[in-house]
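Scroll down for the structure; my scribbles are underneath it.
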Amino acid sequence: MKRGVWSDTVDGICLINKPAGMTSFDVVYHVRKAAGTKSVGHTGTLDPQATGVLVVLLGRACKALPYLSGKTKEYIAELTLGTKTDTGDIWGKPIAAAAVPTVDSAQLEAVLNSFLGKSMQLPPMVSAIKKDGKKLYEYAREGIEVKREKRPIEITEMELLQTVPTIRFRVVCSNGTYVRTLCEDIAEKLGTVGTMSSLTRTAACGYTLAQCQTLDEVKQGQFQLVSIYEGIASQWPLVEAEPAQIPDIKNGKRLRLNSTEPIVAVVEGQQVLAMMEHQADGIYRCLRGLW
Numbered sequence: 112m113k114r115g116v117w118s119d120t121v122d123g124i125c126l127i128n129k130p131a132g133m134t135s136f137d138v139v140y141h142v143r144k145a146a147g148t149k150s151v152g153h154t155g156t157l158d159p160q161a162t163g164v165l166v167v168l169l170g171r172a173c174k175a176l177p178y179l180s181g182k183t184k185e186y187i188a189e190l191t192l193g194t195k196t197d198t199g200d201i202w203g204k205p206i207a208a209a210a211v212p213t214v215d216s217a218q219l220e221a222v223l224n225s226f227l228g229k230s231m232q233l234p235p236m237v238s239a240i241k242k243d244g245k246k247l248y249e250y251a252r253e254g255i256e257v258k259r260e261k262r263p264i265e266i267t268e269m270e271l272l273q274t275v276p277t278i279r280f281r282v283v284c285s286n287g288t289y290v291r292t293l294c295e296d297i298a299e300k301l302g303t304v305g306t307m308s309s310l311t312r313t314a315a316c317g318y319t320l321a322q323c324q325t326l327d328e329v330k331q332g333q334f335q336l337v338s339i340y341e342g343i344a345s346q347w348p349l350v351e352a353e354p355a356q357i358p359d360i361k362n363g364k365r366l367r368l369n370s371t372e373p374i375v376a377v378v379e380g381q382q383v384l385a386m387m388e389h390q391a392d393g394i395y396r397c398l399r400g401l402w
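For the sequence shown, my numbering gives the first residue as 112, with consecutive numbering after it.
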């Protein structure tokens with residue numbers, strides 16, 4: 112992990128503990144301004160009121176976005192029972208109320224564990240999923256509800272952390288899982304309604320909250336950067352390129368590699384040259400050039 116001040120050319124991964132009250136795009140704006148570069152993106156949006164791990168990509172790392180996004184995320188969420196809102200969180204407009212049943216830890220743990228495994232989840236209207244070229248939350252702002260298709264998700268871990276005054280739990284889930292919807296579904300299984308009252312992303316793309324820095328540090332020009340090589344190496348198998356292969360890699364040609372992995376990162380020392388996909392008989396084709 113590199114440390115220092117911004118330079119004219121910045122390539123790498125910046126891990127930020129996003130504060131509440133701003134969008135992920137707001138964070139990207141501040142990073143872009145501090146870095147003096149337009150090439151800045153992130154691997155997954157956090158809601159404005161949510162906090163926690165936001166993985167921000169700079170420079171050439173943006174080209175590697177599909178290979179740095181990871182497959183799972185970890186959250187700590189709080190669920191308040193008795194009220195349902197139009198957004199699925201406490202910042203929305205209340206649309207329903209119900210009595211709060213008395214539940215004990217054993218009952219709560221049983222309900223949480225019932226969500227483990229693969230299932231289908233209906234995305235909320237406040238999500239950024241597009242329908243007919245328009246994001247769902249844009250429809251929601253206009254007071255329009257559109258038909259949505261359920262999407263496959265997987266929950267691999269659920270842990271009850273607190274039962275009163277609000278239910279607090281930890282969840283490890285696949286990309287595309289909406290915790291606000293999960294909170295509503297948990298409340299329904301408890302025989303009432305509920306809404307998400309707090310959300311912190313504690314891990315994403317293999318990085319944890321403990322590894323993150325504050326946005327204020329970045330705005331002051333101080334930063335910690337994970338290299339593209341480190342980010343790729345933590346998620347994908349590596350194949351060292353032979354010197355004679357490098358021109359062909361940069362020209363996007365197919366190569367014979369000593370590997371049987373479906374997808375590999377071809378590297379030259381500490382530089383990632385390309386992501387390549389196995390075709391047949393050891394032949395790999397280029398998916399994305401990263402030199």
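Where a beta carbon is used, it is the ideal one built from N, C-alpha and C, also for glycine.
Helix, strand or coil for residue i, going by three-state DSSP, please let me know.
i, result
"V151", "strand"
"K174", "helix"
"F226", "coil"
"D158", "coil"
"E260", "coil"
"S135", "helix"
"G342", "helix"
"L401", "coil"
"I124", "strand"
"I255", "coil"
"D359", "helix"
"A352", "coil"
"R365", "coil"
"Q381", "coil"
"K144", "helix"
Between residue i and residue j, what straight-line distance do the alpha-carbon atoms span, to the nearest angstrom?
i, j, result
"K361", "L192", "56 angstroms"
"T198", "L310", "14 angstroms"
"L271", "V337", "32 angstroms"
"N128", "S285", "20 angstroms"
"I266", "Q322", "24 angstroms"
"D119", "Q218", "With a pLDDT of 49 at D119, under the threshold of 50, the modelled position of this residue cannot be trusted; read the value that follows with caution. Their Cα atoms are separated by approximately 56 angstroms."
"H153", "P177", "11 angstroms"
"K300", "V283", "20 angstroms"
"D137", "P130", "11 angstroms"
"L320", "D392", "42 angstroms"
"K195", "A210", "12 angstroms"
"Q335", "G400", "25 angstroms"
"L384", "Q390", "19 angstroms"
"I206", "G244", "28 angstroms"
"E256", "L227", "29 angstroms"
"R114", "T213", "Because R114 carries a pLDDT of 48, less than 50, the predicted location of this residue cannot be relied on, and no value is offered for it."
"G254", "K330", "36 angstroms"
"M307", "L157", "14 angstroms"
"T325", "C125", "10 angstroms"
"A239", "L368", "39 angstroms"
"G147", "G123", "14 angstroms"
Determine the extent of the alpha helix (DSSP H) in which residue i is found, giving its start and end residues.
i, result
"S238", "No alpha helix (DSSP H) holds S238; DSSP gives it neither H nor E."
"T210", "Residue 210 is actually Ala in this sequence, not Thr. From DSSP, A210 is part of no alpha helix (DSSP H); its letter is neither H nor E."
"A251", "247-252"
Out of the options, which one is the CA nearest neighbour of residue i?
i, options, result
"D200", "V237, P212, K182", "V237"
"L349", "S370, Q160, Q333", "S370"
"P358", "A239, E379, S345, V257", "E379"
"I394", "I374, L384, W402, Q381", "I374"
"A188", "I297, V377, F280", "F280"
"T134", "P159, E185, A221, L247", "P159"
"A376", "Y340, P354, V151", "Y340"
"I297", "G287, S225, G363, G332", "S225"
"W139", "G132, V151, G147", "First, the residue type needs correcting, since residue 139 is Val and not Trp in the sequence shown. The shortest C-alpha separation from V139 is found at V151."
"G302", "G287, C397, A208", "A208"
"A106", "R143, M387, Y250", "No answer is possible for residue 106: it lies beyond the span of the chain, which begins at 112 and ends at 402."
Just to confirm the assignment, what range does the beta strand (DSSP E) spanning residue i have?
i, result
"K300", "Segment 290-300 is the alpha helix (DSSP H) holding K300; no beta strand (DSSP E) there."
"E372", "That residue, E372, is in no beta strand (DSSP E); it is neither H nor E in DSSP."
"R279", "278-285"
"V329", "Per DSSP, V329 belongs to no beta strand (DSSP E); it is in the alpha helix (DSSP H), 326-330."
"S309", "305-315"
"K195", "194-196"
"Q335", "333-337"
Handout entry: Contact between the stretch 180-187 and the stretch 314-323 (3+ Cβ pairs under 8 angstroms)
Key = Touching, per the Cβ criterion.
Practice task
Count the CB pairs spanning the stretch 254-266 and the stretch 224-234 that are closer than 8 angstroms, and state whether there are at least three.
Solution key: With the cut-off at 8 angstroms, the stretch 254-266 and the stretch 224-234 touch.
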